[in-house]
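Student:
Protein chains: 2
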Amino acid sequence: MPRVTIKEIAQRAGVSKGAVSYALNGRPGVSEATRARVLQVAAELDWRPNSAARMLSGARTATFGLVLTRQPETLGNEPFFMQFVAGLERVLGPRGHALLLQVAHDLDVEMTTLRTWSAERRVDAVVVVDLRVGDPRVPLLRELGLPAVVVGDPSLAGGLPCVWTDDAAAVEEAVGHLVALGHRRLARVAGSADLGHVQIRDLAFAAATAAAGVSALTLHTDFSGQQGGQVTKDLVLGDSPPTAVLYDNDLMAVAGLSALNEAGVSVPEQVTLLAWDDSALCRVTHPRLSAVGHDVVAYGAAVAERLFQLLDGSPPDPVLAHTPRLHERASSGPPPGGPVRPRATTGGRA
Amino acid sequence: MPRVTIKEIAQRAGVSKGAVSYALNGRPGVSEATRARVLQVAAELDWRPNSAARMLSGARTATFGLVLTRQPETLGNEPFFMQFVAGLERVLGPRGHALLLQVAHDLDVEMTTLRTWSAERRVDAVVVVDLRVGDPRVPLLRELGLPAVVVGDPSLAGGLPCVWTDDAAAVEEAVGHLVALGHRRLARVAGSADLGHVQIRDLAFAAATAAAGVSALTLHTDFSGQQGGQVTKDLVLGDSPPTAVLYDNDLMAVAGLSALNEAGVSVPEQVTLLAWDDSALCRVTHPRLSAVGHDVVAYGAAVAERLFQLLDGSPPDPVLAHTPRLHERASSGPPPGGPVRPRATTGGRA
DNA sequence: CTATGCCACTGAACCGGTCAAGCACAGCGA
DNA sequence: TCGCTGTGCTTGACCGGTTCAGTGGCATAG
Chain A
-5 MPRVTIKEIA
5 QRAGVSKGAV
15 SYALNGRPGV
25 SEATRARVLQ
35 VAAELDWRPN
45 SAARMLSGAR
55 TATFGLVLTR
65 QPETLGNEPF
75 FMQFVAGLER
85 VLGPRGHALL
95 LQVAHDLDVE
105 MTTLRTWSAE
115 RRVDAVVVVD
125 LRVGDPRVPL
135 LRELGLPAVV
145 VGDPSLAGGL
155 PCVWTDDAAA
165 VEEAVGHLVA
175 LGHRRLARVA
185 GSADLGHVQI
195 RDLAFAAATA
205 AAGVSALTLH
215 TDFSGQQGGQ
225 VTKDLVLGDS
235 PPTAVLYDND
245 LMAVAGLSAL
255 NEAGVSVPEQ
265 VTLLAWDDSA
275 LCRVTHPRLS
285 AVGHDVVAYG
295 AAVAERLFQL
305 LDGSPPDPVL
315 AHTPRLHERA
325 SSGPPPGGPV
335 RPRATTGGRA
Chain B
-5 MPRVTIKEIA
5 QRAGVSKGAV
15 SYALNGRPGV
25 SEATRARVLQ
35 VAAELDWRPN
45 SAARMLSGAR
55 TATFGLVLTR
65 QPETLGNEPF
75 FMQFVAGLER
85 VLGPRGHALL
95 LQVAHDLDVE
105 MTTLRTWSAE
115 RRVDAVVVVD
125 LRVGDPRVPL
135 LRELGLPAVV
145 VGDPSLAGGL
155 PCVWTDDAAA
165 VEEAVGHLVA
175 LGHRRLARVA
185 GSADLGHVQI
195 RDLAFAAATA
205 AAGVSALTLH
215 TDFSGQQGGQ
225 VTKDLVLGDS
235 PPTAVLYDND
245 LMAVAGLSAL
255 NEAGVSVPEQ
265 VTLLAWDDSA
275 LCRVTHPRLS
285 AVGHDVVAYG
295 AAVAERLFQL
305 LDGSPPDPVL
315 AHTPRLHERA
325 SSGPPPGGPV
335 RPRATTGGRA
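See below:
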């Protein structure tokens, strides 16, 4: 396979390598006539730049990196990541950029990968997800001088450019909705406490319930269905059970629903359940799960846009992608014994 | 950030660039004493090869490509892909290789990506999944001369090296199990008929049911929960309903279970359900779903191993990764009216 | 003592682009 | 007529590795 190079284009077009480079990159230094001729020859030969050569001289790899650090099983259970990646690519693809992906099983491996990518010059920038509280990746990226876009709350990003969703506002909306329905004892089945977005929801949940003067309890899990189901049973079958439970992902909500179903507790008559993420899972249960959710594909696309802005030298201001909204379905309703006052909501969205 | 290059190592070690290259790559041409000195200097300076420079001269990118062509939503709902990727990385990471990922929304985009990666020399080889019947990617890869490992049945791979799981045998096991339980009317809720693995299961299902002399019906869907639920209801509430339904993924099985639950049909008393893939979803329903499943992470790892073998020049023989097995849980049992003969199974695995 | 061969290493070309510097020539004003 | 400026193109260095054709030194064979 004799690969087409600019040298060959230069010969055929009767100009030098340099002129071809100028012409192909749309920069001044060649006449329009020459440029057109070069472009035509390039098209005829179906020339594509050798990415390695570009990288070597230009120092731009046209590649971004993403490391996902979770257990493979957990990762598979979260539709979030695949949709997020799809959103990234929606923007990267048309711009000729590629995504380098690594799935790591712990943060140390991820950090090593970031170091390697930086040292080997494999990526122009990286996307960082699942921020921890006091995340060690933030200082590492600073130290490496590796451009990065952090997916998460500005309070966690340590000054790095970030794209975030306002989870606190979403929690407030959910709590407000539940309180308006008449619920007075709320519980939250949360993910790992060391994850930044979990902590942000923790705080928002505590604040919103305190402000509304209702009781609240948050329990942390590993995001698994197993723990989601167990914790739900413990809560609902225990002393002073909550009348509404808010989950940190969809899988745990599904597991909770099944556990209650098994225990003979009816949803939403006895307990209201609210999932988080609003993936397809929420629409395949009976009753269908009400959920706090957002457009994850668009979220990924927003992050990709931010990556390009970053390389263009824009300042590291946080970008709010959007605020997750509550989607009411059949798993939520007034608490048993009826609402304190008539349904005060404005009606749900499907 | 003054990047460390072999030139600097050469200066410090008092040898030439060439000698350093030999030393670092473990090839003959330098004495052991010199090699040790070079390696030590390299370690001290924390040298890493510039990947672009390597690619440019060596023509090896240490990168493999993977294109996933599905709707982003569908993709998110299939734990398969994330686990598969995790399995790939399990092997690639330690060997210093990276994975370039693209999510495409149709096959044309995927083909364009493959052309681009090949022309730009971005990858050493690619992994091809979701093979179609008469897949156009097979001749394309041939034309491009791009090394590839096909994930799927040898009959679909068109002579390209492939890694596969014996889905036909798994279908036979499932049908055998159902027949042994006494079921005489089976149905299958399948995915898109144009996917190779769906067709293989189609044929195996038809053959196995015919051999057992039981009635069988296969309906195709788009893998979505919505269609999975709808088709299940149509089947079970229709004329001559099946007593057992085998699904092509977990999501549809969950949706089917919910739909029946909603319609007041009890599982497994009235209908037996069997999911496929056996992700965490199967353990968060009530009753828990029996499923045909396998170790997807190991599958991905096997594919990665095959990639390296391919680059080492091994012949394109198919590799059987493993055969999915039936995992019995609570959604399967004898048909209503009792088994034709006493339970003939040897007991299930968790 | 020369010839032979091997070992360890050097020097330079090369991969395919980018880019700064330089050069030829046209157009223009003085 | 001579310089000056700007356009359009060429030349060649450079990125950081790999690789191949030497080369000099040394040991062994003839």
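Read top to bottom, the protein sequences are chains A and B.
With my numbering, the residue at position 149 of the first sequence is 143, and numbering never jumps.
With my numbering, the residue at position 324 of the second sequence is 318, and numbering never jumps.
Quick reminder that beta carbons are idealized off the backbone N, C-alpha and C, glycines included.
Could you tell me if residue 263 of chain B is buried or exposed, where buried requires 16 or more neighbouring beta carbons within 10 angstroms of its beta carbon?
Tutor: Under this definition residue 263 of chain B is an exposed residue.
Student: So is residue 49 of chain A in contact with chain B if we call contact Cβ pairs under 8 Å?
Tutor: So, interface residue.
Student: Along the beta strand (DSSP E) that carries residue 316 of chain B, what are the first and last residues, could you check?
Tutor: Residue 316 of chain B -> beta strand (DSSP E) spans 313 to 316.
Student: Could you give the first and the last residue of the continuous alpha helix (DSSP H) run that contains residue 111 of chain B?
Tutor: Residues 101 to 113.
Student: Which same chain residues, not among the five before or five after residue 178 of chain A, have their C-beta less than 6 Å away from its C-beta?
Tutor: The residues are 208.
Student: Report the CB separation of residue 268 of chain A from residue 284 of chain A in whole angstroms; it is logged as a contact under 8 Å.
Tutor: Indeed, because the Cβ distance is near 5 Å, the residues count as touching under 8 Å.
Student: Note down, in chain order, each residue of its chain lying with its Cβ closer than 8 Å to the Cβ of residue 200 of chain B, except the 5 sequence neighbours on either side.
Tutor: 210, 212, listed in sequence order.
Student: Are the CB atoms of residue 320 of chain A and residue 80 of chain B nearer to each other than 8 Å?
Tutor: Going by C-beta atoms, residue 320 of chain A is not nearer than 8 Å to residue 80 of chain B.
Student: So residue 14 of chain B and residue 7 of chain B are supposed to be a Cβ contact under 8 Å. How far apart are they, rounded?
Tutor: Correct: roughly 7 Å between the Cβ atoms.
Student: Give me the residue from B/126, B/149, B/152, B/56 with the minimum Cα distance to residue 115 of chain B.
Tutor: With distances taken between Cα atoms, residue 115 of chain B lies closest to B/56.
Student: Does the stretch 301 to 312 of chain B come within contact of the stretch 270 to 282 of chain B, defined as at least 3 CB pairs closer than 8 Å?
Tutor: No, because fewer than three Cβ pairs between the stretch 301 to 312 of chain B and the stretch 270 to 282 of chain B fall closer than 8 Å, the two stretches do not touch.
Student: Would you list, in sequence order, the uninterrupted alpha helix (DSSP H) runs of no fewer than 4 residues that lie entirely inside the stretch 199 to 256 of chain B?
Tutor: 219 to 231, 244 to 256, all fully within the stretch 199 to 256 of chain B.
Student: Under 8 Å between beta-carbons, which chain B residues line up against residue 43 of chain A? List them in chain order, please.
Tutor: Within 8 Å Cβ-Cβ: 114.
Student: Please list, in chain order, the chain B residues whose beta carbon lies closer than 7 Å to that of residue 279 of chain A.
Tutor: In chain order: 252.
Student: Is it right to say residue 328 of chain B is buried, meaning 16 or more other beta carbons lie within 10 angstroms of its own, or is it exposed?
Tutor: Counting Cβ neighbours within 10 Å, residue 328 of chain B comes out buried, since at least 16 surround it.
Student: How many whole angstroms separate the CB atoms of residue 248 of chain B and residue 279 of chain B, which I take to be in contact at a CB cut-off of 8 Å?
Tutor: Confirmed, Cβ separation roughly 6 Å.
Student: Counting pairs of beta carbons, one from the stretch 150 to 157 of chain A and one from the stretch 112 to 132 of chain A, are three or more of them closer than 8 Å?
Tutor: With the cut-off at 8 Å, the stretch 150 to 157 of chain A and the stretch 112 to 132 of chain A touch.
Student: Tell me which residue opens and which closes the alpha helix (DSSP H) that residue 284 of chain A is part of.
Tutor: Unbroken run through residue 284 of chain A is the beta strand (DSSP E), 284 to 287; no alpha helix (DSSP H).
Student: With a threshold of 8 Å between beta-carbons, can residue 325 of chain B be considered close to chain A, or not?
Tutor: False, the Cβ-Cβ gap to chain A never drops below 8 Å.
Student: Any idea what DSSP makes of residue -1 of chain A, helix, strand or coil?
Tutor: Looking at residue -1 of chain A - three-state DSSP - the assignment turns out to be coil, as it is neither helix nor strand.
Student: Return the bridge partner residues of residue 59 of chain B from the DSSP annotation.
Tutor: Its beta-bridge partners are B/94, B/120.
Student: Per DSSP, which one or two residues make a beta bridge with residue 269 of chain A?
Tutor: Paired residue(s): A/285.
Student: On the three-state DSSP scale, how would you describe residue 345 of chain A?
Tutor: Given a span of -5 to 344 for chain A in the structure shown, any question on residue 345 of chain A remains unanswerable.
Student: At a Cβ threshold of 8 Å, is residue 322 of chain B touching chain A?
Tutor: False, the Cβ-Cβ gap to chain A never drops below 8 Å.
Student: At a Cβ threshold of 8 Å, is residue 104 of chain A touching chain B?
Tutor: No, its Cβ sits nowhere closer than 8 Å to a Cβ of chain B.
Student: Looking at the C-beta of residue 77 of chain B, does it have a partner C-beta in chain A at a distance below 8 Å?
Tutor: It does; some Cβ of chain A falls within 8 Å.
Student: Could you name the residues of the stretch 222 to 253 of chain B whose beta carbon sits closer than 7 Å to any beta carbon of chain A, in the order they occur along the chain?
Tutor: Cβ contacts with chain A come from 223, 245, 248, 249, 252.
Student: Does the Cβ-Cβ distance between residue 143 of chain A and residue 297 of chain A come in under 8 Å?
Tutor: Cβ distance < 8 Å, so residue 143 of chain A and residue 297 of chain A count as in contact.
Student: Along the chain, where does the alpha helix (DSSP H) that runs through residue 86 of chain A open and close?
Tutor: Where residue 86 of chain A is concerned, the enclosing alpha helix (DSSP H) stretches over 73 to 86.
Student: Kindly indicate which three-state DSSP category residue 336 of chain A falls into: helix, strand or coil?
Tutor: Low confidence applies here, because residue 336 of chain A scores a pLDDT of 43, under 50, leaving its location unreliable and the question unanswered by this model.
Student: What is the DSSP secondary structure of residue 191 of chain A, reduced to helix, strand or coil?
Tutor: Residue state, collapsed to three classes: helix.
Student: If the cut is a Cβ gap below 7 Å, which residues of chain A does residue 145 of chain B touch?
Tutor: Neighbours of residue 145 of chain B on chain A: none; closest Cβ ~16 Å, over 7 Å.
Student: Listing by chain order, which chain B residues have their CB less than 8 Å from the CB of residue 87 of chain A?
Tutor: Ordered by position in chain B, the residues that pass the 8 Å Cβ test against residue 87 of chain A are 96, 98, 103, 107.
Student: What number of angstroms, rounded off, separates the C-alpha of residue 226 of chain A from the C-alpha of residue 235 of chain A?
Tutor: Taking the straight line from one Cα to the other gives about 10 Å.
Student: Kindly indicate if chain B contains any beta-carbon less than 8 Å away from that of residue 264 of chain A.
Tutor: Output row for residue 264 of chain A: interface = no.
Student: Buried or exposed for residue 89 of chain A, please, with buried defined as at least 16 other CB atoms from any protein chain shown within 10 angstroms of its CB.
Tutor: Classification of residue 89 of chain A: exposed, given that the 10 Å Cβ count is below 16.
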